[in-house]
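The next block holds one structure in the form of structure tokens; read it before the comments.
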Amino acid sequence: MPSTIYDSEPQLREKMAAPTCRKMLRECFGEYRVGSRKTDMCTHCNTFHCQLVPDFKQFMQKARRDLEVVLPVYFRAWDAAGRAAEDAQNGDWAKVASALLKYIHTHHSRFQNERETLSRADRLTLFSEVEAPIELELKGRLSLLTAFQWHMVSARRQGEYFRSLIDKLAQEHYLMAYDFRQKLRLPLAPTETGPMWHCQQKVSLACWGGVFVKHSTKSTVAQPQVDLTFLLFLSEVVEQPAEASNLMLQEALNATGAPFSGTLQLWSDTGPHFRSAGNLFFYARKLCQARKQPIQIRWLAEQHGKSILDEMFAWTGTHRDGWLGKHAARFPIYNIDDMAQALKTGAAAQMQKDPSGPKWIVKKVRYPERRASVRQFLHAPSLKITGTYALDAEPHHGQAPVPPALVNRIFADSDDRCRVLDWKLETLTEDAPETWRKTFFDGPKPWEEEVDWRADHHLKRVYEAQRNRPPPRQILPTKTL
Numbered sequence: 006m007p008s009t010i011y012d013s014e015p016q017l018r019e020k021m022a023a024p025t026c027r028k029m030l031r032e033c034f035g036e037y038r039v040g041s042r043k044t045d046m047c048t049h050c051n052t053f054h055c056q057l058v059p060d061f062k063q064f065m066q067k068a069r070r071d072l073e074v075v076l077p078v079y080f081r082a083w084d085a086a087g088r089a090a091e092d093a094q095n096g097d098w099a100k101v102a103s104a105l106l107k108y109i110h111t112h113h114s115r116f117q118n119e120r121e122t123l124s125r126a127d128r129l130t131l132f133s134e135v136e137a138p139i140e141l142e143l144k145g146r147l148s149l150l151t152a153f154q155w156h157m158v159s160a161r162r163q164g165e166y167f168r169s170l171i172d173k174l175a176q177e178h179y180l181m182a183y184d185f186r187q188k189l190r191l192p193l194a195p196t197e198t199g200p201m202w203h204c205q206q207k208v209s210l211a212c213w214g215g216v217f218v219k220h221s222t223k224s225t226v227a228q229p230q231v232d233l234t235f236l237l238f239l240s241e242v243v244e245q246p247a248e249a250s251n252l253m254l255q256e257a258l259n260a261t262g263a264p265f266s267g268t269l270q271l272w273s274d275t276g277p278h279f280r281s282a283g284n285l286f287f288y289a290r291k292l293c294q295a296r297k298q299p300i301q302i303r304w305l306a307e308q309h310g311k312s313i314l315d316e317m318f319a320w321t322g323t324h325r326d327g328w329l330g331k332h333a334a335r336f337p338i339y340n341i342d343d344m345a346q347a348l349k350t351g352a353a354a355q356m357q358k359d360p361s362g363p364k365w366i367v368k369k370v371r372y373p374e375r376r377a378s379v380r381q382f383l384h385a386p387s388l389k390i391t392g393t394y395a396l397d398a399e400p401h402h403g404q405a406p407v408p409p410a411l412v413n414r415i416f417a418d419s420d421d422r423c424r425v426l427d428w429k430l431e432t433l434t435e436d437a438p439e440t441w442r443k444t445f446f447d448g449p450k451p452w453e454e455e456v457d458w459r460a461d462h463h464l465k466r467v468y469e470a471q472r473n474r475p476p477p478r479q480i481l482p483t484k485t486l
């Protein structure tokens, strides 16, 4: 890392001060510059910080003014305690709302002496016309703040557990994490023309990325060592339903030779192509029965699917330092074969640079001509799939054809086990299933055609029509040094 060079080189520290080094890093390396905008943020977290918290602060100020108009010493004990200010500084606004609700709800019984100074009419006004509406609104705000904060805690809980598995994967466990990356647009070239730009708005490739983690042959319980295999699968089919993600996952398990022994962990985000009844049937029934091994199905929290896969997508991206960006600066990328070759070139260079590092698998995946005519889904009235982040599918090892057991853990780090017994299968049959959708460009593609000197050309006809109107002398080519 560039930032560690300064610490490890005494001669550099003698010639350059630390602030100067940091300035150079910001100028030369984009990752050290402070971003001017935040992008791809979680909608829920953004709503919490930018809407719910400011609105709640305004509500508290208004509630305080309204209550102190009737009883000026209403918040004397609240201010003396000071706990709410500490909770607000820590960002626990749900705790602040809960404490405020309790304070207002019990004020009439805890602070009777202060309220005795009011007239009977003012006490009635304070209780029924001021405190009651504030309590009602405060309950609604409390439930909303609690739910949003629970989302943020759950996201951190799942994310930290997943990141810990990369280095602390249990013995006899294998992990496959996967996601679809942003569409790869075509064509890419060192010099791109106008028609190429128009084509890029319509033509793209789907790219499924995965990382397979397993223990190396030298790994022990005392000194665990894991091997990483990164996967990049390209397809001309741009649809990304559950059926497509299931096809890609099966291809990945086949390509990596994932062992049929031990426990297989599957990690993805909560997109509808990864967490649905169709996915659940594939994970918990089809895959578990075929492999005869426990399958741990895990999801990262909603809109918090950032992981090592996003780092891989960044390494291989179309920016200047990415694999595709470097390749496209030298060679054109017109189709899926060119795209696969560009990624394979980058993978080969990376493995040559770090032979003991992660392995890479790049391949094209061809879907069947049509979507499956029979699709199956797994449902359970007691299981709302959008309310869990962790399910276990456990195969039956006896001779009887018993389907795998399904266990709901809610969270990956939870020891609680809730057996799902009321599951049912739903089968959908289509006599004429749809064909997979691919992008296309109906305009001319001059970059794929060579100009034939024997054939007629539009510019030839333009020249013949305009040749009697020569350009001004000053814009003609002139001899220079």
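Sequential numbering of the sequence shown, starting at 6, is according to the working numbering.
Here a beta-carbon is modelled for each residue, glycine too, at the ideal position from N, C-alpha and C.
First and last residue of the uninterrupted alpha helix (DSSP H) at ARG424: Counting along the chain, ARG424 falls outside any alpha helix (DSSP H), though it belongs to the beta strand (DSSP E) covering 423-425.
Among GLN355, TYR108, ASN259, nearest to GLY327 - alpha-carbon criterion: GLN355
Alpha carbon to alpha carbon, how far is THR48 from HIS324? Give it in angstroms, no decimals. 26 Å
From the DSSP output, in three-state form, read off ALA263 for me. coil
Would you give the residue range spanned by the alpha helix (DSSP H) that SER114 belongs to? 112-115
Is it the case that the stretch 310-324 contacts the stretch 220-229, given that we only count it when at least three CB pairs across the two stretches are under 8 Å? no
From PHE416, SER378, LEU383, MET201, pick the residue whose C-alpha is nearest to that of TYR394; which is it? PHE416
Taking only three categories from DSSP, how would you classify PHE238? strand
Which residues in the same chain as PRO246 place their Cβ atom closer than 7 Å to its Cβ, once the five residues preceding and following it in sequence are excluded? HIS278
Go ahead and pull the three-state DSSP assignment for CYS212. strand
Determine the contact status of GLN381 and LEU426, defining contact as a CB-CB distance below 9 Å. no
Member of ASN340, GLN346, ILE341, ALA319 whose CA lies at the smallest distance from the CA of HIS332: GLN346
Quick check on PHE153: does DSSP put it in helix, strand or coil? helix
How far does the beta strand (DSSP E) with LEU57 in it reach, from first residue to last? Premise fails: LEU57 is in no beta strand (DSSP E) and is neither H nor E.
Local conformation of GLU454 per DSSP, three classes: coil
Give the straight-line distance between the Cα atoms of GLY283 and GLU248, rounded to the nearest whole angstrom. 7 Å
GLY214, buried or exposed, once every other Cβ within 10 Å from all chains shown has been counted against 16: buried
From PHE116 to PRO77, what does the alpha carbon distance come to, in whole angstroms? 13 Å
Assign PHE382 to one of three DSSP states: helix, strand, or coil. strand
Leaving out the 5 sequence neighbours to the left and right, which residues in its chain are closer than 7 Å to LEU388 when beta-carbon positions are compared? ASN413, VAL425
Which residue comes first and which comes last in the alpha helix (DSSP H) that contains ASN340? That residue, ASN340, is in no alpha helix (DSSP H); it is neither H nor E in DSSP.
Does the distance from the C-beta atom of TRP320 to that of LEU236 stay below 9 Å? no
Expected contact under 8 Å - CB spacing of ALA289 and ALA398 to nearest Å: 4 Å
Taking contact to mean at least 3 C-beta pairs separated by less than 8 Å, is the stretch 362-377 in contact with the stretch 251-259? yes
Just to confirm before moving on: does the CB-CB distance between PRO337 and PRO195 stay below 9 Å? yes
For GLU399, does the three-state DSSP call read helix, strand or coil? strand
Suppose you measure from the CA of TYR339 to the CA of TRP155; what does that come to, to the nearest Å? 46 Å
Identity of the residue in ILE139, ARG162, PHE238, ALA385 nearest GLN63 by Cα: ILE139
So the beta strand (DSSP E) TYR468 belongs to, where does it begin and stop? Segment 463-471 is the alpha helix (DSSP H) holding TYR468; no beta strand (DSSP E) there.
Residues near GLN205 by beta carbon distance below 6 Å, same chain, minus five either side: ARG190
Beta carbon of PHE217, beta carbon of THR261: below 9 Å? yes
Mapping the DSSP letters down to three states, classify ALA417 as helix, strand or coil. coil
Whose C-alpha, out of GLN176, THR391, ARG42, THR130, is nearest the C-alpha of GLU307? THR391
Paired residues, beta bridge with ILE300 - DSSP: LEU269, ALA398
Cα-Cα, which of HIS110, ASP172, TYR183, ARG31 is closest to THR275? TYR183
Under a Cβ-count criterion, where at least 16 other Cβ atoms within 10 Å of its own Cβ denotes burial, should THR483 be classed as buried or exposed? exposed
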